[in-house]
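Going by the working numbering, the sequence shown opens with residue 3, and the numbers climb by one from there.
All C-beta atoms in this analysis are idealised placements derived from N, C-alpha and C, irrespective of residue type, glycine included.
One structure is given below, encoded as structure tokens.
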Amino acid sequence: MSRFHEPPDPAFQRLNASIGFDRRLWPQDVAQSRAHARMLADRGIISGQDRDALLGGLDAVERELSDGVFPFEDGDEDIHMAIERRLTELVGAVGGRLHTARSRNDQVVTDLAMYVRSRSAEAREAITGLMAALLARAEEHLDWPMPGYTHLQRAQPVYLGHHLLAYFWMLSRDRSRFAFAEDQAGWLPLGAGALAGVNFDTDRGLLARELGFPAVAPNSIDAVSGRDFILDYLNAAATCSTHLSRLGAELVLWSSAEFGFCELPDAWSSGSSIMPQKKNPDAAELLRAKAPRVVAHLAAFHGVLHALPLTYNKDLQEDKEHVFDAGDTLEMTLAAATGMIAGVSFNGQRLRDAAADELIAATDIADLLVRLGVPFREAHGVVAGLVRTALDGGRSLSELTREELAAHSAMLAEHSEEYDAVLAQESWLESKLSEGGTSLARVREQAAKAHAVLDEDPPA
Ligand code: ARG
Numbered sequence: 003m004s005r006f007h008e009p010p011d012p013a014f015q016r017l018n019a020s021i022g023f024d025r026r027l028w029p030q031d032v033a034q035s036r037a038h039a040r041m042l043a044d045r046g047i048i049s050g051q052d053r054d055a056l057l058g059g060l061d062a063v064e065r066e067l068s069d070g071v072f073p074f075e076d077g078d079e080d081i082h083m084a085i086e087r088r089l090t091e092l093v094g095a096v097g098g099r100l101h102t103a104r105s106r107n108d109q110v111v112t113d114l115a116m117y118v119r120s121r122s123a124e125a126r127e128a129i130t131g132l133m134a135a136l137l138a139r140a141e142e143h144l145d146w147p148m149p150g151y152t153h154l155q156r157a158q159p160v161y162l163g164h165h166l167l168a169y170f171w172m173l174s175r176d177r178s179r180f181a182f183a184e185d186q187a188g189w190l191p192l193g194a195g196a197l198a199g200v201n202f203d204t205d206r207g208l209l210a211r212e213l214g215f216p217a218v219a220p221n222s223i224d225a226v227s228g229r230d231f232i233l234d235y236l237n238a239a240a241t242c243s244t245h246l247s248r249l250g251a252e253l254v255l256w257s258s259a260e261f262g263f264c265e266l267p268d269a270w271s272s273g274s275s276i277m278p279q280k281k282n283p284d285a286a287e288l289l290r291a292k293a294p295r296v297v298a299h300l301a302a303f304h305g306v307l308h309a310l311p312l313t314y315n316k317d318l319q320e321d322k323e324h325v326f327d328a329g330d331t332l333e334m335t336l337a338a339a340t341g342m343i344a345g346v347s348f349n350g351q352r353l354r355d356a357a358a359d360e361l362i363a364a365t366d367i368a369d370l371l372v373r374l375g376v377p378f379r380e381a382h383g384v385v386a387g388l389v390r391t392a393l394d395g396g397r398s399l400s401e402l403t404r405e406e407l408a409a410h411s412a413m414l415a416e417h418s419e420e421y422d423a424v425l426a427q428e429s430w431l432e433s434k435l436s437e438g439g440t441s442l443a444r445v446r447e448q449a450a451k452a453h454a455v456l457d458e459d460p461p462a
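Next up, the structure:
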């Protein structure tokens, strides 16, 4: 029997159905149904015989799904109904007992929470792989000088190891964000029923233990309405993607002839269909361009949740594709970033030459004046004048005469040996001795911290 007098409009069916995308939740759906059937029997809500029939049927359904021979039908609205329909075909009317004390409202959000928990763990593992690659390459290039940039203008020299480790720390925070998302998805919704709880004395603690949830959601209304764990997951994915986009952008720049700082591995580059000499950094470009797509999933799902009255609304069906695409995209881009970092080769000569640009030591000259007692702001002005004199005359700072120095600062002229020493290239990097700075001792100290962090992947 149905309460309706006419069948659904085919266009409504297309709009309403989620089977096209939520079928990938089948492993979670089968697992939670198994746990649910066991719990129902444990509490005497169904018989042991019915439980065994249901578990046997779920095994058969699972085999069909994993072998790709599950007979989906046009009328299957979503994965939950498809599995229940098939189960009933296979085991008979007892199949209808599985949905006792359960609603699709608590069922679907339980699938999603399980999915987000496992996808977050996968993301953490992939991020750890990229962090390990960055740390290894940083240690290989610990003392390779290169220019550090601000505004994409050469600013102060740094070691390549230091620059690579900057990404290590961003990613370690991303990893923590995924651990947080995994945590937030750790409140078991199952057992909330449609919204108010169910008319049976169920054991939700048993379900939680069996499905690996640390705790039971304490409020049935919140349990079926809440999707903030999805926002947390999408946020982690969006921030991580944005970090990868910055790495991608630098690889694109650095592999250009203009920079010539690195060559990307062939396995992560493309040829041109018309210009045979070209090697294009497509993968690095896509790291840049995939990020806004993941960020858009976060923004879009905020839109779905915004001002949505409690409890379940069909709007919530629109959570899945955002989660799936964000996860798939991130998995691909993390693999690409890891492959490129592991295989990139750096051009030490080009990096060193670019870092040897004397103007890059301007701040160090100012600091010399500071050590001689000049207030920093005044010293900054003196050096700006020196730079201008040098540039106007087409010379470098070390080519200025003592008289020219004296014209800007008598004190500097008096200390011209120290001036020359500061301009002797090696000192620019090693003078950055503050904690977290680029001097070799500090970068070594940092690499040791990075090893400790790498090994202690934060437990979710
Ligand atoms: N396909 C639905 C979704 O993804 C499952 C829950 C449907 N619940 C309902 N009361 N119609 O959200």
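How many whole angstroms separate the CB atoms of residue i and residue j, which I take to be in contact at a CB cut-off of 8 Å?
i: A43; j: R36; result: Wrong, their Cβ atoms sit about 11 Å apart, outside the cutoff.
i: S247; j: A293; result: 4 Å
i: A62; j: F74; result: About 15 Å; that fails the 8 Å criterion.
i: L374; j: T391; result: Actually they are not in contact, since the Cβ atoms of L374 and T391 sit about 20 Å apart, beyond 8 Å.
i: L144; j: A358; result: L144 to A358, Cβ: 18 Å. No contact.
i: L236; j: A328; result: 6 Å
i: Q186; j: D113; result: Their Cβ separation, rounded to whole angstroms, is 16 Å, which puts Q186 and D113 out of contact at 8 Å.
i: R446; j: G438; result: That pair is no contact at about 12 Å.
i: A135; j: A344; result: 5 Å
i: R464; j: L190; result: A question about residue 464 goes unanswered here, because the residues of the chain that appear run from 3 up to 462.
i: R229; j: L318; result: 6 Å
Does the Cβ of residue i have 16 or more other Cβ atoms within 10 Å, making it buried, or fewer, making it exposed?
i: E380; result: exposed
i: V71; result: exposed
i: L393; result: exposed
i: Q34; result: buried
i: T440; result: buried
i: S272; result: exposed
i: E260; result: exposed
i: N107; result: buried
i: S49; result: exposed
i: D203; result: exposed
i: M116; result: buried
i: Q109; result: buried
i: D330; result: exposed
i: E405; result: exposed
i: K5; result: Reading off the sequence shown, one finds Arg at residue 5, where the question assumed Lys. By the 10 Å Cβ count, R5 comes out exposed.
Using only the heavy atoms of the ligand ARG, determine whether one of them is closer than 7 Å to the beta carbon of residue i.
i: R87; result: no
i: N237; result: no
i: H101; result: no
i: H82; result: yes
i: Y314; result: yes
i: R106; result: yes
i: L470; result: Here the chain has residues from 3 to 462 only, and residue 470 is not among them.
i: E122; result: Note on identity: in this sequence residue 122 is Ser, with Glu being the wrong assignment. No - the ligand ARG has no heavy atom lying nearer than 7 Å to the Cβ of S122.
i: V110; result: yes
i: Q519; result: Here the chain comprises residues numbered 3 to 462, so residue 519 is not present and cannot be evaluated.
i: S433; result: no
i: D268; result: no
i: D24; result: yes
i: Q319; result: yes
i: S20; result: yes
Using three-state DSSP, classify residue i as helix, strand or coil.
i: Y169; result: helix
i: R248; result: helix
i: W28; result: helix
i: G463; result: Past the boundaries of the shown model lies residue 463; the chain is included only from 3 to 462, so the question cannot be answered.
i: A358; result: coil
i: Q275; result: Looking at the sequence provided, one finds Ser at residue 275 rather than Gln. Here S275 sits in coil by DSSP.
i: A157; result: strand
i: S257; result: coil
i: W189; result: strand
i: R446; result: helix
i: S398; result: coil
i: A198; result: coil
i: F182; result: helix
i: F6; result: coil
i: G350; result: helix
i: V218; result: strand
i: T152; result: strand
i: E64; result: helix
i: E265; result: strand
i: N282; result: strand
i: P294; result: helix
i: P377; result: coil
i: P147; result: strand
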